[in-house]
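First to last, the sequence lines map onto chains A and B. Using our numbering, the letters of the first sequence correspond one by one to residues 451 to 753. Using our numbering, the letters of the second sequence correspond one by one to residues 9 to 534. Structure first, commentary second.
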Amino acid sequence: MGLFDRLKARLGKTRAALSDGISALFRGGRPMDAALLGELEELLYNADLGLVATEVVEELARKHKRGELKGEEDVRAALREGLLERLPSGGGEFTPEAKPTVLLIVGVNGSGKTTSIAKLANRFREAGSKVLVGACDTFRAAAADQLEIWAGRSGVDIVRRQEGADPAAVAFEAVEAAASGGHDVVLLDTAGRLHTQKNLMEELKKIQRVVGRKIEGAPHEVWLVLDGTNGQNAIQQARLFTAAVEVTGLVITKLDGTARGGALFGIERELGLPVRYLGTGESQELIEPFAAEAFVDAILSAG
Amino acid sequence: MFETLTQRLTSAFGSLRGQRELTAENIEDGLRAVRTALLEADVEFKLARDFTDRVKERALGQEVVAGVDPSQQFVHAVHQELVEMMGPEGATLSFAKKGPTVVLLAGLQGAGKTTTCAKLARHLRDKMGRKPLMVAADIKRPAAVEQLRVLGRQLDIPVFHLEGRSAPEVCAAAVAHAREQGLDTVLLDTAGRLHVDEEMMAEVAEIAGRTSPDDTLLVCDAMTGQDAVRSAQAFHERLELTGVVLTKMDGDARGGAAVSLKAITGCPILFTGVGEKLGDLDVFHPERMAGRILGMGDVVGLVEEAHEKISEKEAEQAYQKMVLGSFTLEDMLAQIRMIRKLGPMKKVLGMMPGMGGMLDKVDVDDRQMNRLEALFTSMTPKERLHPEMLDMSRRRRIARGAGQDVSAVGDLLKSYKGMKKMMKQMNKLGLGAKLGAKAKRAALSDMSADGEVAAAGGGGLFGSLGGLFGGGGGAPAGAPGGMEGLEGMLGGPGAARPMGSSATRKSSNKRKDKKKRKKSRRGRRK
Ligand SMILES: Nc1nc2c(ncn2[C@@H]2O[C@H](COP(=O)(O)OP(=O)(O)OP(=O)(O)O)[C@@H](O)[C@H]2O)c(=O)[nH]1
Ligand SMILES: Nc1nc2c(ncn2[C@@H]2O[C@H](COP(=O)(O)OP(=O)(O)OP(=O)(O)O)[C@@H](O)[C@H]2O)c(=O)[nH]1
Ligand SMILES: [Mg+2]
Ligand SMILES: [Mg+2]
Numbered sequence: 451m452g453l454f455d456r457l458k459a460r461l462g463k464t465r466a467a468l469s470d471g472i473s474a475l476f477r478g479g480r481p482m483d484a485a486l487l488g489e490l491e492e493l494l495y496n497a498d499l500g501l502v503a504t505e506v507v508e509e510l511a512r513k514h515k516r517g518e519l520k521g522e523e524d525v526r527a528a529l530r531e532g533l534l535e536r537l538p539s540g541g542g543e544f545t546p547e548a549k550p551t552v553l554l555i556v557g558v559n560g561s562g563k564t565t566s567i568a569k570l571a572n573r574f575r576e577a578g579s580k581v582l583v584g585a586c587d588t589f590r591a592a593a594a595d596q597l598e599i600w601a602g603r604s605g606v607d608i609v610r611r612q613e614g615a616d617p618a619a620v621a622f623e624a625v626e627a628a629a630s631g632g633h634d635v636v637l638l639d640t641a642g643r644l645h646t647q648k649n650l651m652e653e654l655k656k657i658q659r660v661v662g663r664k665i666e667g668a669p670h671e672v673w674l675v676l677d678g679t680n681g682q683n684a685i686q687q688a689r690l691f692t693a694a695v696e697v698t699g700l701v702i703t704k705l706d707g708t709a710r711g712g713a714l715f716g717i718e719r720e721l722g723l724p725v726r727y728l729g730t731g732e733s734q735e736l737i738e739p740f741a742a743e744a745f746v747d748a749i750l751s752a753g
Numbered sequence: 009m010f011e012t013l014t015q016r017l018t019s020a021f022g023s024l025r026g027q028r029e030l031t032a033e034n035i036e037d038g039l040r041a042v043r044t045a046l047l048e049a050d051v052e053f054k055l056a057r058d059f060t061d062r063v064k065e066r067a068l069g070q071e072v073v074a075g076v077d078p079s080q081q082f083v084h085a086v087h088q089e090l091v092e093m094m095g096p097e098g099a100t101l102s103f104a105k106k107g108p109t110v111v112l113l114a115g116l117q118g119a120g121k122t123t124t125c126a127k128l129a130r131h132l133r134d135k136m137g138r139k140p141l142m143v144a145a146d147i148k149r150p151a152a153v154e155q156l157r158v159l160g161r162q163l164d165i166p167v168f169h170l171e172g173r174s175a176p177e178v179c180a181a182a183v184a185h186a187r188e189q190g191l192d193t194v195l196l197d198t199a200g201r202l203h204v205d206e207e208m209m210a211e212v213a214e215i216a217g218r219t220s221p222d223d224t225l226l227v228c229d230a231m232t233g234q235d236a237v238r239s240a241q242a243f244h245e246r247l248e249l250t251g252v253v254l255t256k257m258d259g260d261a262r263g264g265a266a267v268s269l270k271a272i273t274g275c276p277i278l279f280t281g282v283g284e285k286l287g288d289l290d291v292f293h294p295e296r297m298a299g300r301i302l303g304m305g306d307v308v309g310l311v312e313e314a315h316e317k318i319s320e321k322e323a324e325q326a327y328q329k330m331v332l333g334s335f336t337l338e339d340m341l342a343q344i345r346m347i348r349k350l351g352p353m354k355k356v357l358g359m360m361p362g363m364g365g366m367l368d369k370v371d372v373d374d375r376q377m378n379r380l381e382a383l384f385t386s387m388t389p390k391e392r393l394h395p396e397m398l399d400m401s402r403r404r405r406i407a408r409g410a411g412q413d414v415s416a417v418g419d420l421l422k423s424y425k426g427m428k429k430m431m432k433q434m435n436k437l438g439l440g441a442k443l444g445a446k447a448k449r450a451a452l453s454d455m456s457a458d459g460e461v462a463a464a465g466g467g468g469l470f471g472s473l474g475g476l477f478g479g480g481g482g483a484p485a486g487a488p489g490g491m492e493g494l495e496g497m498l499g500g501p502g503a504a505r506p507m508g509s510s511a512t513r514k515s516s517n518k519r520k521d522k523k524k525r526k527k528s529r530r531g532r533r534k
């Protein structure tokens, strides 16, 4: 199965709602008019596009005025174009270069950091890298146990300490272990934190500093894991995490439900962060490298 | 950049200010702003539209009340409508008449079920004298059982689990176990699941079928977008929900989900999660939530916190000092420390009327408060008692001692003078003498919201905050219009009234039951 088909299958619910919604709009040969565009805007809103929905539809309205939109096919094409323009280029599959490459994984509570790390560790290992994960979430109950179980399942190494340990110290040890152990990739799992918590943002900065002291240029990447079911708050998350730790990439999770991950469009408009991967389920293999075309097509393709 | 709902409405109301009456035309801007704000807050599209339609009707239908600014009238209409949408007030868990009460927690992955389970168990034991049993029924996620066990150990509350059995079996056995052990409340922590995952939805339905829960709660993340509606609907169809818990409310999520969830399921929102610690659970108050959304602040909540964290004696002493006695820097320091007991500054301020829109502008975090305290502590006690002796050389010494710029000392003194002036003004009005401790306490808990608030018991607390922001409860430069609410609260009699005050009054009068007062903890993570 190709990437496009896999995405289509995994984002099935997403596709159905938006795409079928569009088909429904034109049912019975309904002509293009302001009311129809209004309903289209609502469809996009329901996909969490927020203000981007209004923007895209206004653009369609202009095109319609110029007589460029005749029917459903034109609308689909214009919509595809409009959405594509608003997605980040770049991103997608990540190839580690430095040895070891250190990735710091951050995000709000419960967004899917630990699970995404499990998926990434598995993926990098399958691609031939020697992987180590660092359990820097020393706060949440059984967080390290969770990561350890995942590490065991994919056969990667783990550095963990007792609950309550200094996360930066764990990060340092993990990086040190990777440097001496000949690992290619280090994934650092951090505790969930709301972007509004300044002291916890400082804690992340400290991890960043400490890791950089051990290995120059580390962490090489800081990925923000966003819950795809989040609405407009995701934009705020992206903004504040980026302000604190210079996020270099995004992972969007939980796209296997009916959530659309549409906040991505707003994030792109504001911050232009590359999307690396999409989480499409709870098991290790359910992760896909991001590709803008495939993403939009999976959302819009009919049938 | 997104504005918060509060900021948006504040600017919308700003456009109404000074108009004589509400008309279909001049209300349009306000309505549009309200709708945009609701959409940005992730309220469902249709709901947002219906909402503004109803507000319009309500606002236009109202007679113009003499002396009431039409903008206030509009705010009032929005507020009332919001409250009605999120109500009713005071919904609680239902308990079984006989045998153990079963509470089922369900929801999407990562919503906060396990944490909420522990928070609820603690709440039920400590506040309601119940004997809870927590049941680890998530056999899917790695270490989910261990997570609940750790929380159980922290709380010293038993956790039930059966290795190698299906979730419905575990739950059914747990209820029997509770009955045997004389435990009267069984909390079922289920695995996170997608509402479109047929197999998993069947599992949770089976759990419900075998345990007949008295309460079936949907745990929902406050940051959820439009999906809240779809998932809540599906869970409701499958489980007949009886209530909702809205988690992660301690962030800046605008809580639009609260409006949607209530409208979609018809179930009351019972609790809100306000942090990761196990005490971080609040009883949901639609009035407060609406007030917060509208920038009228969570006055009631703040007062309740004050009650719990600050002793009557402390408050009384501070009050006496401020209103009746000579107010010194020593007193100001004591007040700052008193306020800090309430929790992180951002949270305290977020609860204050009119502050919603300001939080982004005035960056009061706790480090800043630490810096402020550092200034105080590098003064000598004598200097704190006699601020007038702080000449330039002393100021420089103090600044050096605190590792700060000398202008910081100047700013502090300015705040101090502002507060002092305000206190004098209150004193002149004879409020201090008139009110005994009891009356003040009553005023504190029953916020009459027309300005007396600050003058009465609140003066010490709220007043000092006002002082910190530039003296006399005045608004810092560039503060949005919503600040009037704050001034009203802080500035004592004669200052502008808080917006929508009557709505606040109504709510507080209703809330006679002091036993229901939530306990606050809001500790910071170490
Ligand atoms: N359906 C679905 N569930 C996911 C996905 N990614 C993670 N989850 C689930 O979401 C829940 C939370 O995931 P975690 O990986 O524990 O999230 P986290 O960000 O590490 O959480 P904290 O460390 O507590 O902040 C778990 O139940 C995961 O199984 C996904 O792509 N799809
Ligand atoms: N800031 C904040 N974090 C919360 C709150 N409630 C839960 N959390 C955090 O959110 C994350 C997920 O919480 P859990 O209780 O594990 O969520 P869950 O629904 O049981 O997750 P799954 O079992 O994986 O579906 C953890 O990091 C919790 O500490 C809250 O009210 N505020
Ligand atoms: Mg985690
Ligand atoms: Mg759980």
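Note that the Cβ used here is the ideal one computed from N, Cα and C, for glycine as well.
B:Thr122 beta carbon near ligand 4 (any heavy atom closer than 7 angstroms):
yes
Indicate, with yes or no, if ligand 1 has a heavy atom lying under 7 angstroms from the CB of A:Lys563.
yes
Using only the alpha-carbon positions, how far apart do B:Ser220 and B:Gly160 sit?
24 angstroms
Would you say the beta carbon of A:Asp677 is closer than 7 angstroms to some non-hydrogen atom of ligand 3?
no
Test: B:Lys256 CB closer than 8 angstroms to a CB of chain A
yes
So is A:Ser473 buried or exposed if we call it buried at 16+ other beta carbons inside 10 Å?
exposed
Give the DSSP bridge partners of B:Met142, in chain order.
B:Val167 and B:Leu195
Based on Cα-Cα distance, which residue from B:Ala416, B:Asp290, B:Ala151 and B:Arg379 lies nearest to B:Asp258?
B:Asp290
Should A:Asp677 go down as buried or exposed, given a rule of 16 or more other Cβ atoms within 10 Å for buried?
buried
Beta-ladder partner(s) of A:Thr703, from DSSP
A:Asp677
Quick one, are the C-beta atoms of A:Gly729 and A:Gly562 less than 8 angstroms apart?
yes
Which same chain residues, not among the five before or five after A:Ser549, have their C-beta less than 6 angstroms away from its C-beta?
For clarity, residue 549 of chain A is Lys in the given sequence; the question names Ser instead. Result list for A:Lys549: Asp634, in chain order.
Under the rule that 16 or more other beta-carbon atoms within 10 Å means buried, what is B:Thr3, buried or exposed?
It is not possible to answer for residue 3 of chain B, since the shown part of chain B is limited to 9 through 534.
Taking a cut of 9 angstroms between CB atoms, which residues from the stretch 225-242 of chain B lie near chain A?
Asp229, Ala230, Met231, Thr232, Gly233, Gln234, Asp235, Ala236, Val237, Arg238, Ser239 and Ala242
Buried or exposed: A:Lys515, going by 16 or more other Cβ atoms within 10 Å of its Cβ?
exposed
Start-end ranges of the alpha helix (DSSP H) lying completely within the stretch 534-579 of chain A, minimum 4 residues:
563-576
May I ask you to report which of helix, strand or coil DSSP gives A:Glu671?
strand
Scan the stretch 140-163 of chain B for residues whose Cβ lies nearer than 7 angstroms to a Cβ of chain A and list them as they occur along the chain.
Pro150, Ala151, Glu154, Gln155, Val158 and Leu159
Nonlocal neighbours in the same chain, by C-beta distance under 7 angstroms from A:Arg536, ignoring five residues either side
Val502, Phe715, Glu718 and Arg719
Measure from the C-beta of A:Gln596 to each C-beta in chain B and report whether the shortest distance is under 8 angstroms.
yes
What is the DSSP secondary structure of A:Leu721, counted as helix, strand or coil?
helix
Are there 16 or more other CB atoms within 10 angstroms of the CB of B:Val414, so buried, or fewer, so exposed?
exposed
What does A:Val701 touch in chain B if you count any residue whose Cβ is under 7 angstroms from its own?
Near A:Val701 there are no residues of chain B at all, since even the closest Cβ is about 14 angstroms away, more than 7 angstroms.
Buried or exposed: which applies to B:Asn378, given that a residue is buried once 16 or more other Cβ atoms fall within 10 Å of its Cβ?
exposed
Report yes or no: is there a C-beta of chain B within less than 8 angstroms of the C-beta of A:Lys656?
no
Compute the minimum distance between the beta carbon of B:Asp229 and the heavy atoms of ligand 4, and state whether it is under 7 angstroms.
no
Go ahead and label B:Lys105 buried or exposed: buried means 16 or more other beta carbons lie within 10 angstroms of its beta carbon, across all protein chains shown.
exposed
Step through the CB atoms of chain A and report whether any lies within less than 8 angstroms of the CB of B:Leu55.
no
Where B:Ala85 and B:Ala99 are concerned, what is the direct C-alpha to C-alpha distance, given to the nearest angstrom?
23 angstroms
Ignore the nearest five residues each way along the sequence and tell me which others in A:Ala594's own chain have a CB closer than 6 angstroms to its CB.
Ala585 and Arg610
Unbroken beta strand (DSSP E) runs of length 3 or more, entirely within the stretch 596-648 of chain A: which are they?
607-609 and 635-639
In the DSSP assignment, find the unbroken beta strand (DSSP E) run with A:Pro739 in it and report its ends.
Ile737 to Pro739
What did DSSP end up calling B:Phe292 once you bin it into helix, strand or coil?
coil
Would the beta-carbon of B:Gln117 be found less than 7 angstroms away from any heavy atom of ligand 6?
Of the ligands this structure carries, namely ligand 1, ligand 2, ligand 3 and ligand 4, none is ligand 6.
For A:Leu490, the first and last residue of its enclosing alpha helix (DSSP H)
Ala484 to Asn496
7 angstroms Cβ cut-off: residues of chain A touching B:Gly118
Gly560, Ser561, Gly562 and Asp677
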